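Below is one structure, written out as C-alpha cells, with a few remarks after it.
The structure is reproduced here in C-alpha cells:
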C-alpha cells in the first residue's frame with residue numbers, strides 16, 4: 245500500500261522509523277547514482293559516528309524507579325471474611341539513600357554519500373547528506389559535527405547536496421530566511437558558494453527532482469527522490485506500522501489535518517470492496 249502523502253510522509257519521522265528509513269533511502273540514492281555515474285568517478289557511502297550521554301547532551305531522561313510496595317514473596321496472613329488468608333504489603337524501609345542518574349551511552353550513526361574523481365588521485369567532488377533529527381538539535385553534538393563539515397564544504401572544498409526531510413528541530417544557518425515549507429532540498433556548488441539553490445518541498449505534492457553536480461565539464465546527474473521514498477515505504481510495509489489517526493509531533497495545522505483526513509477517507513473508499521446489488525425476490 246502507498247503512503248497517503250504524495251511527498252514525504254511525516255509520520256515516518258514521528259513514529260520511530262527514521263533510522264530504518266534513513267539507511268534505506270541512502271542505499272537507494274547510492275544505487276541510482278552509481279548506475280549513471282561516468283566511468284572516471286566512483287561513489288561510496290560514509291558514516292559519521294559519535295557517542296553521547298543520555299540526559300547530558302542529546303536528550304533528557306526521566307528517572308526510572310524500581311517497583312516497590314508489595315512484597316509478593318512474604319505475605320503476612322490475616323483472616324479474611326471467607327476464612328482464608330489476606331495478603332498484606334510489608335512496609336519498605338527508607339534507608340536514607342539518594343537518587344542518582346547513571347551515565348548511559350547512546351550511539352549515533354549518520355550515513356552520507358560521497359562522489360570522488362578517481363584520477364589523477366581520489367578527490368572529493370560532491371557530498372550528499374540526508375539530515376537526521378540529531379543534526380537539527382541546535383548546539384548538540386550531532387549539530388556541531390555536521391555544521392563543521394557543512395561549513396568546510398561550503399567554503400569551496402566540494403559540492404554539497406543537502407536533503408532535509410525532517411520537520412522537527414532547527415534548520416541550518418543561512419543569511420536569507422528559509423522558505424516556509426516543511427522540507428527543503430539544497431544544492432551548493434563549489435563554483436557558486438556561498439550562494440546555494442534551494443527547492444521548497446512538501447508532503448502534499450511529490451518532491452522535486454534535484455541536480456547532483458559533478459566536476460567540469462561533466463553534466464549534473466538528476467536525482468529523483470520521490471520514487472525512492474515510495475519504494476522504501478512499500479518494501480518496508482510502513483503502512484502496516486503507521487497509525488495515521490494519531491496526532492503528529494510537531495502537529496499538523498488545521499488545513500493540513502483536514503487535507504489528510506480527506507486523503508484517508510478517499511483511500512478507505514478505494515480499498516473497500518464494492519457493495520453487491522440487492523437481489524429482489526421473485527414474485528409468485
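In the numbering used here, the protein residues as written are 245 to 528.
Backbone N, C-alpha and C define an ideal beta-carbon position, used for all residues, glycine too.
Model, not experiment: these values are computed from the prediction.
| query | result |
| --- | --- |
| Rounded C-alpha distance that separates residue 408 from residue 364 | 33 Å |
| For residue 403, three-class secondary structure by DSSP | strand |
| Three or more C-beta pairs below 8 Å linking the segment 498-509 and the segment 260-278 | no |
| Residue from 441, 253, 385 whose Cα sits closest to the Cα of residue 469 | 253 |
| Backbone CA spacing between residue 281 and residue 449 [nearest angstrom] | 28 Å |
| Residues sharing a beta bridge with residue 293, DSSP | 353 |
| Reference residue 447, options 440, 465, 411, closest by Cα | 411 |
| Alpha carbon of residue 400 to alpha carbon of residue 416, nearest angstrom | 18 Å |
| Distance CB(residue 354)-CB(residue 371) smaller than 7 Å | no |
| Pair within 7 Å by beta-carbon distance, residue 465 and residue 432 | no |
| Selection from 392, 402, 377, 378 that minimises the alpha carbon distance to residue 360 | 402 |
| Local conformation of residue 477 per DSSP, three classes | helix |
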